[in-house]
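According to the working numbering, the residues represented by the sequence shown are 64 to 521, in order. Backbone N, C-alpha and C fix where the C-beta goes; we use that ideal spot for every residue, glycine too. Below is one structure; the comments refer to it alone.
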Amino acid sequence: MRPIIRAALVLAALAAAAGAEEMPRADGYRGIWYMNQPTKDEYVYKYSGGLGTYCMKHIPMAVHAPAVNKTFFVYGGVAPGENSLLEMVSYYDHATGTVPRPVILMDKKTDDAHDNPVISLDGEGHIWVFASSHGTSRPSYIFRSEKPYDIGAFERVLETNFSYPQPWHLAGEGFLFLHTRYAQGRGLFCAASPDGRTWSEPQSIAHIAEGHYQVSWPCGKRVGTAFDYHPPKKGLNFRTNLYYMETGDLGRTWRTVSGEPLAVPLTEAKNPALVHDFEADGLLVYVKDLNYDAEGRPAILIVTSRGWQPGPQNSPHTWRVVRWTGGAWKISDIAVSNNNYDSGSLYTGPGGVWRIVGPTEPGPQAYNPGGEIALWSSRDSGDTWTRDRVLTANSEYNHGHARRPLNAHPGFFSFWADGHGRQPSDSRLYFCDITGENVYRLPVTMTEDFQTPERVGP
Numbered sequence: 064m065r066p067i068i069r070a071a072l073v074l075a076a077l078a079a080a081a082g083a084e085e086m087p088r089a090d091g092y093r094g095i096w097y098m099n100q101p102t103k104d105e106y107v108y109k110y111s112g113g114l115g116t117y118c119m120k121h122i123p124m125a126v127h128a129p130a131v132n133k134t135f136f137v138y139g140g141v142a143p144g145e146n147s148l149l150e151m152v153s154y155y156d157h158a159t160g161t162v163p164r165p166v167i168l169m170d171k172k173t174d175d176a177h178d179n180p181v182i183s184l185d186g187e188g189h190i191w192v193f194a195s196s197h198g199t200s201r202p203s204y205i206f207r208s209e210k211p212y213d214i215g216a217f218e219r220v221l222e223t224n225f226s227y228p229q230p231w232h233l234a235g236e237g238f239l240f241l242h243t244r245y246a247q248g249r250g251l252f253c254a255a256s257p258d259g260r261t262w263s264e265p266q267s268i269a270h271i272a273e274g275h276y277q278v279s280w281p282c283g284k285r286v287g288t289a290f291d292y293h294p295p296k297k298g299l300n301f302r303t304n305l306y307y308m309e310t311g312d313l314g315r316t317w318r319t320v321s322g323e324p325l326a327v328p329l330t331e332a333k334n335p336a337l338v339h340d341f342e343a344d345g346l347l348v349y350v351k352d353l354n355y356d357a358e359g360r361p362a363i364l365i366v367t368s369r370g371w372q373p374g375p376q377n378s379p380h381t382w383r384v385v386r387w388t389g390g391a392w393k394i395s396d397i398a399v400s401n402n403n404y405d406s407g408s409l410y411t412g413p414g415g416v417w418r419i420v421g422p423t424e425p426g427p428q429a430y431n432p433g434g435e436i437a438l439w440s441s442r443d444s445g446d447t448w449t450r451d452r453v454l455t456a457n458s459e460y461n462h463g464h465a466r467r468p469l470n471a472h473p474g475f476f477s478f479w480a481d482g483h484g485r486q487p488s489d490s491r492l493y494f495c496d497i498t499g500e501n502v503y504r505l506p507v508t509m510t511e512d513f514q515t516p517e518r519v520g521p
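In structure tokens:
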């Protein structure tokens, strides 16, 4: 990918950035409730609930900064009694065990959780927030904190358009920004920047039939992406197959897991990046997470089912890890839950222990997204799994979309939200430690500038 700087975007960046502004603060942590596609049955919607940490293709939503011993995070929030999406940013201070009043970056003027933000830290500790858009009807934004490791003031660096943002800052090199653009479906693109301000022309890396959903993650100087595809003429509710490719040079070139060069964009369903032909198995594929083992080999978390509609007719909804052994891809089953949008995260280590945190257990709104959160572990590189602990129980609402921070700290290991699965509701935000022995709820209403999250379980 040639570093062609787009003059129009540079001008937009200069016009948008009128200097850093002190940001307003909310008086507590409230997630957005969102629904998508009414189904006219007892499940009401294709998916719905407390989706402040939605979706799994917005990566990452939290990052630990060892230099200041804080985990910074973003989420989709709301004001009391409202449901207009607020782009929120905050942090958990591991030294004091407290959180500040969260910062409101902007009101996105929509109730669509597809506009939720993601976060990145550059080499100097500046906090970057990428505020997404669902398609092309609204702008997207990039923000940068005025001071390193400080959420008090941000400047708007860029107003543009992108969906499903996945920015990765690689030390000494700059940003690689994986994202989606809407044109004849959902195409996968990448762009690069040395400083977050000047960006290369977005490069198409995959557009097979009607497009893709992807998850990505860095491993040293490499960044990999795992994605499905939408077969032609079946609509975007149909997604299948699993692909993987990686880059070691900020997206200029791409290769398969075994190092075979790829010609991008990928445009054919059968290509060297294909991990498994789930289409031939008659299964839909929902990509959830990508991680790397101690040897730098990729492992992909997915859920498979027989159809997109909620309810038992498309069971089983099988959680699976698809991992590269060094010579082949191996698929291992973990658990069965009851919705395609049951979403969690995959951890590989420390100590050789792999973990999954996610809503594998039935919740109060059965067959709607989410449920009760469980912690699973594997001590044989993902071949077999044991449910160690159920982290939530007897909940009022379903819990879902458990997110893994970049450089996850044991004290802020997974981050998620709850919400009613079938009707609008309030939504609370939670996190747990690596053991699952401690689950905390972020304060819904704050009376002080800093407060300690409430321990709620298990």
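Bridge pairing for E309: G287, R318 [DSSP]. F135 sits close to I182, with the two beta carbons spaced by under 9 Å. The C-alpha of P521 is placed about 29 Å away from the C-alpha of V278.
With a threshold of 16 other beta carbon atoms within 10 Å, T310 meets it and is buried.
For M151, the enclosing beta strand (DSSP E) stretches over residues 149–156. Taking G414 as reference, the option from Y493, P473, T316, P228 with the minimal CA-CA separation is P473.
With fewer than 16 other CB atoms across the displayed protein chains lying within 10 angstroms of its CB, V416 is exposed.
Put simply, of Q428, G91, H177, W317 the residue whose alpha carbon is nearest the alpha carbon of R164 is G91.
Of the residues assessed, E145 falls on the exposed side of the cut-off, its CB having fewer than 16 other CB atoms within 10 angstroms.
Note on geometry: alpha-carbon atoms of R386 and G499 lie some 25 Å from one another.
According to the DSSP assignment, H127 belongs to the beta strand (DSSP E) that extends over 125–128. A direct Cα-to-Cα measurement between A362 and V162 gives close to 33 Å. For A255, the number of other beta carbons within 10 angstroms of its own is at least 16, and it is reported as buried. If the five residues before and after D451 are omitted, its C-beta is found closer than 7 Å to the C-beta atoms of L438, W439, S440, G499, all from its own chain and listed in chain order. Within its own chain, the residues whose Cβ lies closer than 7 Å to the Cβ of R466, once the five positions on either side in sequence are excluded, are T116, M124, A125, S408, S477, F478, W479, listed in chain order.
About 5 Å separates the Cβ atoms of L353 and W280, confirming a contact at the 8 Å cut-off.
As the crow flies, the alpha-carbon of A471 is around 11 Å from that of T411.
For D185, the secondary structure class from DSSP, reduced to helix, strand or coil, is coil.
N224 and S196 do touch by the CB rule: their CB atoms are close to 6 Å apart, below 8 Å. Annotation: the stretch 393–461 contains no complete segment of the alpha helix (DSSP H) (minimum length 4 residues).
With respect to the 9 Å criterion, P328 and H270 are classified as neighbours on the basis of their beta carbons. Classified as exposed, F513 has fewer than 16 neighbouring CB atoms from the shown chains inside 10 Å of its CB. The alpha carbon of T455 has as its nearest neighbour, out of L492, D104, P87, the alpha carbon of L492. The beta carbon of L347 is closer than 6 Å to those of R302, T303, S368 in its chain, skipping five residues each way along the sequence.
Annotated three-state conformation of P202 is coil, per DSSP.
Annotated three-state conformation of N99 is strand, per DSSP. At a Cβ-Cβ threshold of 9 Å, V366 and S400 count as neighbours. Counted as a single uninterrupted DSSP element, the stretch harbouring Y276 is not any beta strand (DSSP E), since DSSP gives it neither H nor E. In the DSSP assignment, W479 falls within the unbroken beta strand (DSSP E) covering 477–482.
Per the coordinates, the alpha-carbon of P379 lies some 46 Å from the alpha-carbon of D258. Between E222 and Y204, the C-beta spacing is below 9 Å.
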